[in-house]
Amino acid sequence: MTATSQRPRITSAPLTTPVLSLSEVSKTYGDGEGTITALHPVTLDVRPGELVAVNGPSGSGKSTFLSIAGALLRPTTGQVKIAGQEVTALPQGALSAFRLEHLGFVLQSSNLIPYLNVREQLTLVPHLAGLRGRDVQARADDLLGLLGLSGRARHLPDALSGGQRQRVAIARALMNDPHLILADEPTASLDSARGREVVELLAGQVRQRGKAAVMVTHDERVLDLCDRVVSIVDGRLRE
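Take 0 as the starting number for the sequence shown in numbering that gives the first Met the number 0 and just add one per residue.
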């Protein structure tokens, strides 16, 4: 197999401008004979209204891929664009503010702050961006209502079920109206029914709001809910 054939180009049919665009992105560690390739060069576009699943076994490179897509890790080669901004060209000090404005994250364990109630989990996000006031409270209440959490607004995370915590995480990811949502194994701690409920909710919000989303998962039970599925094995992404 030639080097060119090892570099898949994975694109979707719509002609709208991609929210996430990775071009020949790779990640290696070390140098010389000790070089380890965590992610082989890949090109991937994700467009508005599209939920793309990245499926693969543990140790396949999914976490490296997601970290690069989320501007948390710089690639060794290639270019990453999010909402038209080449994030690989941004200085390190500007990345945190960029992520806060343009990205929303849904993590495996929901990653809720234990001493904040559900509404506070959401209002913390705009607070970090320097936004306060009634509009912030109103947006939080709207999202909680939309996701069926109004009755849990004053509850702490320990008083919620696993599915409810993940719904709070999705609401929090939407709070700053991001262009791109990245979900890391959001069903890992849930049973089959709750897992499908969470992914259905995520997919619905992505399509209704015209967001782009990437979900890294090894849960094949929810892949049918996604618009596209790409696989990653030994650091190589393929459709």
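Backbone N, C-alpha and C fix where the C-beta goes; we use that ideal spot for every residue, glycine too.
Treat the numbers as computed from the prediction; the structure is a model and nothing was measured.
Item: Check whether the Cβ atoms of Ala-70 and Leu-94 sit closer than 7 Å, and answer yes or no.; Value: yes
Item: Is it buried or exposed, Pro-113, if we count other Cβ atoms within 10 angstroms and call 16 or more buried?; Value: exposed
Item: Return the Cβ separation of Leu-222 and Ala-68 in integer angstroms, given the expectation that the two are a contact with Cβ distance under 8 Å.; Value: Not really, about 18 Å apart at Cβ, beyond 8 Å.
Item: Specify, as a first and last residue, the run of the beta strand (DSSP E) that Ile-35 falls within.; Value: 35-45
Item: Between the region 35-49 and the region 137-146, do three or more beta carbon pairs fall short of 8 Å?; Value: no
Item: Whose CA, out of Glu-219, Leu-236 and Ile-180, lies closest to the CA of Leu-99?; Value: Ile-180
Item: Does DSSP put Arg-153 in a helix, in a strand, or in coil?; Value: coil
Item: So, do the region 26-45 and the region 59-68 have three or more beta carbon pairs nearer to each other than 8 Å?; Value: yes
Item: Which runs of the alpha helix (DSSP H) fall wholly inside the region 68-145 and span at least 4 residues, in chain order?; Value: 91-101, 117-127 and 133-145
Item: Cβ of Asp-211 within 7 Å of Cβ of Val-18?; Value: For clarity, residue 211 is Ala in the given sequence; the question names Asp instead. Going by C-beta atoms, Ala-211 is nearer than 7 Å to Val-18.
Item: So is Asp-233 buried or exposed if we call it buried at 16+ other beta carbons inside 10 Å?; Value: exposed
Item: Where do the N-terminal and C-terminal ends of the alpha helix (DSSP H) with Glu-23 fall, by residue?; Value: From DSSP, Glu-23 is part of no alpha helix (DSSP H) but of the beta strand (DSSP E) over 19-28.
Item: On the DSSP letters alone, give me the boundaries of the beta strand (DSSP E) that Arg-237 sits inside.; Value: 235-237
Item: Is Gln-120 near Val-167, with beta carbons less than 7 Å apart?; Value: yes
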